[in-house]
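Colleague:
Number of protein chains: 2
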Amino acid sequence: MQWVKGLGLGLGAAALLALGIILGHFAIPQNSPSISATQDLDLEILETVMGQLDASRIRENLRELSREPHLASSSRDEALVQLLLQRWTDPASGLDSAEAFEYEVLLSFPSQEQPNSVDVVGSAGDVLYSCRRSEENLTGEQGGPDVVPPYAAYAPPGTPQAVNAAKYGVAGVLVYTDPGDINDGLSLPNETFPNSWYLPPSGVERGSYYEYFGDPLTPYLPANPSSFRLDLTNVSGFPPIPTQPIGFQDAKVLLCNLNGSLAPAAWQGALGCDYRLGPGFHPEGDFPEDSQVNVSVHNHLQLRNSSNVLGIIRGAVEPDRYVLYGNHRDSWVHGAVDPSSGTAVLLELSRILGTLLKKGTWRPRRSIMFASWGAEEFGLIGSTEFTEEFFSKLQERTVAYLNVDISVFANATLRVQGTPPVQSVIFSAAKEIRSPGPGDLSIYDNWIRYFNRSSPVYGLVPSLGSLGAGSDYAPFIHFLGISSMDIAYTYDRSKTSARIYPTYHTAFDTFDYVDKFVDPGFSSHQAVARTAGSVILRLSDSLFLPLNVSDYSDTLRSFLQAAQQDLGALLEQHSISLEPLVTAVEKFEAAAAALGRYMSTLQKGSPDPLQVRMLNDQLMLLERTFLNPRAFPEERYYSHVLWAPRTGSTATFPGLANACSRAGDTSPGSEAWAEVQRQLSIVVVALEGAAATLRPVADL
Amino acid sequence: MQWVKGLGLGLGAAALLALGIILGHFAIPQNSPSISATQDLDLEILETVMGQLDASRIRENLRELSREPHLASSSRDEALVQLLLQRWTDPASGLDSAEAFEYEVLLSFPSQEQPNSVDVVGSAGDVLYSCRRSEENLTGEQGGPDVVPPYAAYAPPGTPQAVNAAKYGVAGVLVYTDPGDINDGLSLPNETFPNSWYLPPSGVERGSYYEYFGDPLTPYLPANPSSFRLDLTNVSGFPPIPTQPIGFQDAKVLLCNLNGSLAPAAWQGALGCDYRLGPGFHPEGDFPEDSQVNVSVHNHLQLRNSSNVLGIIRGAVEPDRYVLYGNHRDSWVHGAVDPSSGTAVLLELSRILGTLLKKGTWRPRRSIMFASWGAEEFGLIGSTEFTEEFFSKLQERTVAYLNVDISVFANATLRVQGTPPVQSVIFSAAKEIRSPGPGDLSIYDNWIRYFNRSSPVYGLVPSLGSLGAGSDYAPFIHFLGISSMDIAYTYDRSKTSARIYPTYHTAFDTFDYVDKFVDPGFSSHQAVARTAGSVILRLSDSLFLPLNVSDYSDTLRSFLQAAQQDLGALLEQHSISLEPLVTAVEKFEAAAAALGRYMSTLQKGSPDPLQVRMLNDQLMLLERTFLNPRAFPEERYYSHVLWAPRTGSTATFPGLANACSRAGDTSPGSEAWAEVQRQLSIVVVALEGAAATLRPVADL
């Protein structure tokens, strides 16, 4: 017995120890799993995240987020701030920390006491027709005090009488969305929501009419309570005249009764009549010839508190490198598509990553920062104030910014806008995820069927769009020079010519709309969540940053060729040579290619963590080298010499193209031609500086 | 025999092996000694460098550098470019690589055919007196074609007649250096050079009269041949009227004969007469009353090639971190003091470090970059073009810039100008080096006797001056936001009140002048070389960057107190509160202190190289967070919100102080008062951004 007991004891101890080890490894939460400084992306973790992203959870997120209207700074918007904070501080699925950052920003609202109105009045002042002041309550969600009536934010108040005033110039503007542009021509109630995804006749697109972005009173400064604010008389960028949006139902009444000559063919639409230019109403129409249209706009400006919510997962190895992923939170009304379809995805991804974090099974190499921006609809205000407040820190440390605003416009294909260095990481992600549609295609293989281009390097690849200023990525790319991207699922253009999903910015953009028409089953939402998740993990966990700077060579070469073709002859006439630009592009290409070779060598060996960090810094900071805050003094925030707004249609260097277009036929020694030369030098210096950043770091 | 032989063989093999090891270690050049990623500053290497810096070698360098005049872009200047390249590529004592970078810049020269002249002429046009057109050839070095005649660079050509023109305003300017300001009142030939260090009566101070710095035709762009150049009519910053410098010998003749009322007491000097204001000559003086002074200036502008020479020692561990050490190469004439005393030191330090490098006994942790700038005398042109060309790369990677222009003004004490983070490394170096004077004081203990202040943190310490735009550090600190310093040995102010060393910018600034009067024995040169060498090694080799960011707290607190005392009441009258600034300073102090504690903790443990790198990035990039390229749109290159030029005498936040001074008595709602509020917000945001950079890197 004794020896058996002894053996039993021995075996028991070993078994207990083993059990303890197993328990310790798998069951006890470890908030800091041991991660080596050369640990690369863990494909099992990636697989886990891909598998766990849950369409039904995204659907539930969306239902909650879009349950009530949540206009920027409204009480429901504030409630959603709390919801985000609660999710991101959840003990089981939250992040390391989360915080709301409040700004005091200038917003614009219609008056509750005096509704904006558009009326046709007779010569005696009698009201002959009134446009709707709110949308028709078709599903029970379009009524109530929280549905902001249609208005043009930042349009000034005023009461222009358009017909009379036309003699002296435009005194007011009415805006509507034509069924030809938004509804594939359909306009009848039985053809539109809630019977289809098309915009009902009473639907009105709200929007901001402010020309710039960011808080209008605090350009280049965060809108903290103590910050300097412009006097209203010094604010530029607001529309000069009263403006009001109306539905196509009302537009039809006004437009189909107009007198005057026929509008150009391109201006005709699907209202079912000939569009005429006025002035005045047609004598045989519904209104007496001497009727007028009275527009009353009673919008007012107001300083309001609006918050960003930031949440962070601390990086285990390089906590000072940030992978940023954000979307705005505020909507015009319920905002189920815009922006809640994006926030629903954001919350599901943060839940999955937060759960892995809290369980102790994973911590990223770099920090991941989640952001819920405020007051985007008024002009990217929350994100812009954030970049103004943390300008230096973000420029020093941010690897890339991923924006998912509207995550699903439609469920045909992935659509990506981004700067060239993000192409490779998007491709890597998209190749590994199944497309939600029929068949067994990857997202990548499906994508390439809808959007593609022929790359001199890779052959046929999906084509990325470039980043304008349509969502919160704008301050990141244009003001901070951070490699950015915006992803969504979108249309099959062979099936619709709608400018955007039809209920955009109306009271009909609701949960049921998404659930029934946009993405039943939420598989496109899930596909976007997987793509975003894969991109975020690749950026946060890869040992070598998956930013392929060589892909800028492709863009630069095509910009150069476009400049040579479109501007070369004109420039030559003015003795301006593109040779320095050719040389600069060549230097960039050579430096990028050499860096790629160096990276391959490092990857084959056993690189030490500092070597990797130095190389990654080159990759991360490349985009920054294209910034020049003095390049476009008249363009607020736009400092990126490759992606500033272009006036022409040719995809080329914007400063050069714009300056050429302005110089035009002015005389050879003009200031305008000097500006062309200055812009050419600016882009040459930027490219040479970019090449210098990519060359071996101890080169002179 | 056999066993003996065997033993002998065994012993012999061991001895050979040991010998081999010893040879391998000490004799075979290893260009890359094995350096661990956590290697700290090697005090033995520091000791070696301190011991090897050789005063007589510095003297020989100076003799060679100042042998001939080397005006910017002259053939001797070009020859010195070759000399530097040769030294820095020497197989036994050179650097890893060296290269000349040529720019095409706009310089200004007097005409060889038509010398500038200043004459007194009678009413009939007869010349009554002519000022000297060149300095007296006292030592055989002041003659010859390479000695540029005295002139005011960038002053426009013209022939004003000063007396007549005075009725309508100033038409021309004559500049001279009064013996009261430069010579402690002495002016006789036997009291001046070559009999003493004082300026001889014929000596004339040359200089640039361009208001900004950098190449005048290419602001913000490197002056490469293809770069856009301003049309001359669009260049601002040149003096509007003809200007010519003269010696005090000639000034005496003009000034002591002037008529009119007595000049203010502060304008009187040591020429031995009462200074009067004119107009016209005194009836009892040397010239008829109706005589006039004719000034003829024939300066011309010319595009010339000017080179920087750059040399680099590649860092072993962090080659992408640069410690920059530079001085200009060009002089007005022989330039023994200015700038060759600095270059002589630079060459000796690069020789010592190069020798250690080539022997394989040392390689720095970070890269060290040596620079010899061109065309500094015309307005810091070479260094400015360099910062324009490599803006991004330098901002990303430069740890600090050390400037040693004139290394020895006089041999009493060290003098340092710099930003607060460099104070600690200078102090560390200065405490360990013996002062060259009598007694056994350290440079630090000697220094504190001449310049000191009471620090709330440290008690009595040597005081650092702040950086203006007097030498090539200007573009580094003001345009790039790189922590910078300028060091030299200088005067005992109880012994001289000379504005600067007396032969400054004259043909009398020669090797013999230095050898006999400024620093016989070159021990002050050696002291500066040791200080510079110690600072460079500490910056390049310390594991933790020796930049004490907490020392900015001291400066900010004193700026804040000055603002409260000097501007507080005025601001309060305009309802402008300094509270946000107080809060921002407090946040900075707290973040800097916490970072200091974190660093101490790391230092006590065994930090991994990435942790050190992340902390060092915070230290390196702090200075960058004070840059705001939009803060002072009218000040070219000045973007550092703490060190931009101040118009007032109070050491405080320059933007705020200048704006207050401009707003002055304007009405409360004026644009000028709005600018005060804007400037206040700019500095608050900069300080908050700085604090954000210092806080733990994964904090929100």
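Just so you know, the protein sequences line up as chains U and D, in that order.
For what it's worth, full-length UniProt numbering labels the leading residue of the first sequence as 1, then goes sequentially.
For what it's worth, full-length UniProt numbering labels the leading residue of the second sequence as 1, then goes sequentially.
Positions of the beta carbon are idealized from the N, C-alpha and C atoms, including for glycine.
1) Tell me the residue span of the beta strand (DSSP E) that contains Thr398 (chain U).
2) Given that a residue counts as buried once 16 or more other Cβ atoms are within 10 Å of its Cβ, and exposed if not, what is Asp320 (chain U)?
3) If you reduce the DSSP assignment to three classes, tell me which class Glu688 (chain D) lands in.
4) Suppose the cutoff is 6 Å on Cβ atoms and the five residues either side in sequence are ignored; what does the same chain contact list for Val425 (chain U) look like?
5) Excluding the five sequence neighbours on either side, which residues of its own chain have a C-beta within less than 8 Å of the C-beta of Glu675 (chain D), listed in chain order?
6) Interface residues of chain U around Gln52 (chain D) at Cβ under 7 Å?
7) Would you mind reading off the limits of the alpha helix (DSSP H) that contains Gly648 (chain U)?
8) Looking at C-alpha atoms only, which residue of U:Ser296, U:Gly278 and U:Phe522 is the closest neighbour of Ile246 (chain U)?
9) Under three-state DSSP, which class holds Val697 (chain D)?
10) So with CB distances below 9 Å, who are the chain D contacts of Gly689 (chain U)?
11) Is the region 276-290 of chain D in contact with the region 324-333 of chain D, if contact means three or more CB pairs nearer than 8 Å?
12) Does the CB of Phe479 (chain D) have a neighbour CB from chain U at under 8 Å?
13) Short of 7 Å Cβ to Cβ, which residues in the region 33-58 of chain U face chain D?
14) Is there at least one Cβ from chain D nearer than 8 Å to Gln30 (chain U)'s Cβ?
15) Of all Cβ atoms in chain U, is any one closer than 8 Å to the Cβ of residue 702 (chain D)?
16) Thinking Thr343 (chain U) and Leu65 (chain U) are a contact (beta carbons under 8 Å), I'd like their distance in whole angstroms, please.
17) Tell me whether Gln618 (chain D) is buried or exposed, calling it buried when 16 or more other Cβ atoms sit within 10 Å of its Cβ.
18) On a Cα-Cα basis, can you pick out the residue from D:Phe390, D:Asn452, D:Ala651 and D:Ser392 that is closest to Arg415 (chain D)?
19) Given a cut-off of 8 Å, decide if Phe479 (chain U) and Tyr637 (chain U) are closer than it, judged by their beta-carbon atoms.
20) Using beta carbons (cut-off 8 Å, strictly below), is Leu221 (chain D) in contact with chain U?
21) Quick check: the region 630-647 of chain D against the region 607-618 of chain D, are there 3 or more CB pairs under 8 Å?
22) Candidates D:Gln677, D:Arg206 and D:Asp445: which alpha carbon is nearest Asn299 (chain D)'s?
23) Along chain D, which residues have their Cβ under 9 Å away from the Cβ of Ser319 (chain U)?
24) To the nearest angstrom, how far is the alpha carbon of Gly140 (chain U) from that of Ala690 (chain U)?
25) Please classify Gln573 (chain U) as buried or exposed, where buried requires at least 16 other C-beta atoms within 10 Å of its C-beta.
26) DSSP state of Tyr491 (chain D), grouped into three classes?
27) Is Gly374 (chain U) close to chain D, meaning its C-beta is less than 8 Å from at least one C-beta of that chain?
28) What residues from chain D crowd round Pro609 (chain U), counting only those whose CB sits closer than 7 Å?
29) Is the shortest distance between the beta-carbon of residue 737 (chain U) and the beta-carbons of chain D less than 8 Å?
30) Out of D:Glu396, D:Ser524 and D:Ala429, state which residue places its alpha-carbon closest to the alpha-carbon of Gly481 (chain D).
31) How would you call Asp40 (chain U), buried or exposed, if buried means at least 16 neighbouring beta carbons within 10 angstroms?
32) Glu635 (chain U) CB to nearest chain A CB: under 8 Å?
33) Just mark Lys604 (chain U) as buried or exposed, buried being the case when its beta carbon has 16 or more other beta carbons within 10 Å.
34) When the Cβ atoms of the region 309-325 of chain U are set against those of the region 129-145 of chain U, are three or more pairs found closer than 8 Å?
35) For Val170 (chain D), does the count of other Cβ atoms within 10 angstroms reach 16, so buried, or fall short, so exposed?
36) Does the CB of Thr233 (chain U) have a neighbour CB from chain D at under 8 Å?
Modeller: For this structure:
1) Numbered from its first residue, the first sequence carries residue 398 (chain U) at position 398. That run of the beta strand (DSSP E) goes Thr398 to Asn403.
2) Here the question's residue 320 (chain U) lines up with position 320 in the first sequence. Buried is the call here.
3) For this step, residue 688 (chain D) is matched to residue 688 along the second sequence. DSSP, read as helix, strand or coil, puts Glu688 (chain D) in helix.
4) The residue given as residue 425 (chain U) occupies position 425 in the first sequence. Result list for Val425 (chain U): Val535, Arg538 and Pro546, in chain order.
5) In the second sequence, counting from the first residue as 1, residue 675 (chain D) sits at position 675. Contacts found: Ala659, Arg662 and Ala663.
6) Along the second sequence, read from residue 1 onward, the residue named residue 52 (chain D) stands at position 52. Chain U residues near Gln52 (chain D): none, gap ~25 Å exceeds 7 Å.
7) In the first sequence, the residue the question calls residue 648 (chain U) occupies position 648. From DSSP, Gly648 (chain U) is part of no alpha helix (DSSP H); its letter is neither H nor E.
8) As a working note, residue 246 (chain U) is residue 246 in the first sequence. For Ile246 (chain U), the nearest C-alpha among the options comes from U:Ser296.
9) Locating residue 697 (chain D) in the second sequence gives position 697, counting from the first residue. Of the three classes helix, strand and coil, the one that applies to Val697 (chain D) here is coil, per DSSP.
10) As a position in the first sequence, residue 689 (chain U) is number 689, starting the count at 1. Going along chain D in sequence order, the residues near Gly689 (chain U) (Cβ under 9 Å) are Glu389, Phe390, Phe391, Ser392 and Lys393.
11) no
12) Translated into the one-based positions of the second sequence, residue 479 (chain D) becomes position 479. For Phe479 (chain D), the answer is no, since every Cβ of chain U falls outside 8 Å of its Cβ.
13) Ala37
14) As a working mapping, residue 30 (chain U) is identified with position 30 in the first sequence. Residue placement at Gln30 (chain U) cannot be trusted, given a pLDDT of 44 that sits under 50; what the coordinates show is reported in the next sentence. Answer no: the Cβ-Cβ gap between Gln30 (chain U) and chain D never drops below 8 Å.
15) No answer is possible for residue 702 (chain D): the residues shown for chain D start at 1 and end at 700.
16) Along the first sequence, one-based indexing puts residue 343 (chain U) at 343. Along the first sequence, one-based indexing puts residue 65 (chain U) at 65. Thr343 (chain U) to Leu65 (chain U), Cβ: 5 Å. Contact.
17) Within the second sequence, the letter at position 618 stands for residue 618 (chain D). Buried, by the Cβ-count rule.
18) Taking the first residue of the second sequence as 1, we reach residue 415 (chain D) at position 415. Looking at the Cα atoms, D:Asn452 is the closest of the given residues.
19) To locate residue 637 (chain U), count along the first sequence from 1; it is residue 637. To locate residue 479 (chain U), count along the first sequence from 1; it is residue 479. Contact flag set, yes.
20) As a first step, residue 221 (chain D) must be located in the second sequence, where it is residue number 221. With 8 Å as the cut-off, Leu221 (chain D) counts as an interface residue toward chain U.
21) no
22) Position 299 of the second sequence holds residue 299 (chain D). That would be D:Arg206, whose Cα lies nearest to the Cα of Asn299 (chain D).
23) Translated into the one-based positions of the first sequence, residue 319 (chain U) becomes position 319. Note that residue 319 (chain U) is Pro in the sequence shown, not Ser. At a beta-carbon threshold of 9 Å, the residues of chain D lying near Pro319 (chain U) are Met614, Pro696, Val697 and Ala698, ordered along the chain.
24) Walking along the first sequence from the start, residue 140 (chain U) turns up at place 140. Walking along the first sequence from the start, residue 690 (chain U) turns up at place 690. Approximately 56 Å between the Cα atoms of the pair.
25) As a position in the first sequence, residue 573 (chain U) is number 573, starting the count at 1. Exposed is the call here.
26) What you label residue 491 (chain D) is simply residue 491 of the second sequence in a count that begins at 1. In this structure, Tyr491 (chain D) counts as coil in the three-state DSSP scheme.
27) Taking the first residue of the first sequence as position 1, residue 374 (chain U) is located at position 374. It does not; no Cβ of chain D falls within 8 Å.
28) Residue 609 (chain U) sits at position 609 when you count from the first residue of the first sequence. By Cβ distance, chain D contributes Pro609 and Leu610.
29) Given a span of 1 to 700 for chain U in the structure shown, any question on residue 737 (chain U) remains unanswerable.
30) Taking the second sequence and counting its residues from 1, one reaches residue 481 (chain D) at position 481. Out of D:Glu396, D:Ser524 and D:Ala429, D:Glu396 has the C-alpha closest to the C-alpha of Gly481 (chain D).
31) The residue given as residue 40 (chain U) occupies position 40 in the first sequence. That one is exposed.
32) Of the protein chains in the structure, U and D, none is chain A.
33) For the purposes of this step, residue 604 (chain U) is identified with residue 604 of the first sequence, where counting begins at 1. Here Lys604 (chain U) is exposed: its Cβ has fewer than 16 other Cβ atoms, across all protein chains shown, within 10 Å.
34) no
35) The residue labelled residue 170 (chain D) in the question sits at position 170 within the second sequence. Counting Cβ neighbours within 10 Å, Val170 (chain D) comes out exposed, since fewer than 16 surround it.
36) Locating residue 233 (chain U) in the first sequence gives position 233, counting from the first residue. Answer no: the Cβ-Cβ gap between Thr233 (chain U) and chain D never drops below 8 Å.
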